[in-house]
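Residue 3 is where the sequence shown starts when you use the numbering used here, and the numbers rise one by one after that.
A virtual CB, placed ideally from N, CA and C, is assigned to each residue, including glycine.
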Amino acid sequence: MTAPTFLQTITLQTFLEAWKTWDYKRYLAILSDDVTQVMLPTSMGVPARGRAEVEHVLPILMSAVTNYKLTIHNVLHDAEKNQAAIYSTAKGDAPFGEWDVESVIFLTFSAAGDRVAKIEEMMDSAKMQELMPKVSKYIQAQSSAGVSGHGIEPGTE
């Protein structure tokens, strides 16, 4: 296994473990400084987020969704293209309703292979049409109250 492939594999496994354990600190640690998160399909109208937005939203979301259970159904890793695809379902409880999400996530690794540089999340659009307004309202309310998740301010990780 070449070094970049080996590093990508470690990065992919680290990402999956952070996601499974629903630990935003571990999740953020594997992201590159210039990471981009894109919600798909684009028809959902969710703008792409940079690292600062991810650092703000992720702790709020992860602390809100409890009893989180992620099931990974399929993982494809294409080391030559520096990418991976993950099909998953996730369930949990949240103040804004039941978290029951089916998605495919496309990861692009950094050039060195040691970080995730881009996350593209293809979500169940019917479920997201119902859930996203509630999630957005919750995040706005928490942000207005000065909460960024577990009492940690954005950018202090």
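- Message: With a threshold of 8 Å, are at least 3 pairs of Cβ atoms found where one atom belongs to the region 68–81 and the other to the region 42–52?
- Response: No, the region 68–81 does not touch the region 42–52.
- Touching by the beta-carbon criterion (3+ pairs, under 8 Å), the region 103–110 and the region 55–64: Cβ pair count under 8 Å is below three, so no.
- Short Cβ contact (8 Å threshold) for V103 with F17: Within the sequence shown, the letter at position 101 stands for residue 103. Within the sequence shown, the letter at position 15 stands for residue 17. Not closer than 8 Å, so no.
- Quick one: residues in its chain with C-beta nearer than 8 Å to the C-beta of G157, no 5 flanking neighbours on either side, listed in chain order? The residue given as residue 157 occupies position 155 in the sequence shown. Interpretation of G157 is limited by its pLDDT of 37, a score under 50 that renders its predicted location unreliable; no figure is taken from the coordinates.
- Candidates S146, S145 and E123: which alpha carbon is nearest Q39's? As a working mapping, residue 39 is identified with position 37 in the sequence shown. When C-alpha distances from Q39 are compared across S146, S145 and E123, the shortest belongs to E123.
- Message: According to DSSP, is R53 part of a helix, a strand, or is it coil?
- Response: The residue given as residue 53 occupies position 51 in the sequence shown. In the displayed model, R53 falls within a helix according to three-state DSSP.
- Message: Does Y29 come out as helix, strand or coil in the three-state DSSP assignment?
- Response: Numbered from 1 along the sequence shown, position 27 holds the residue referred to as residue 29. In the structure shown, the three-state DSSP call for Y29 is helix.
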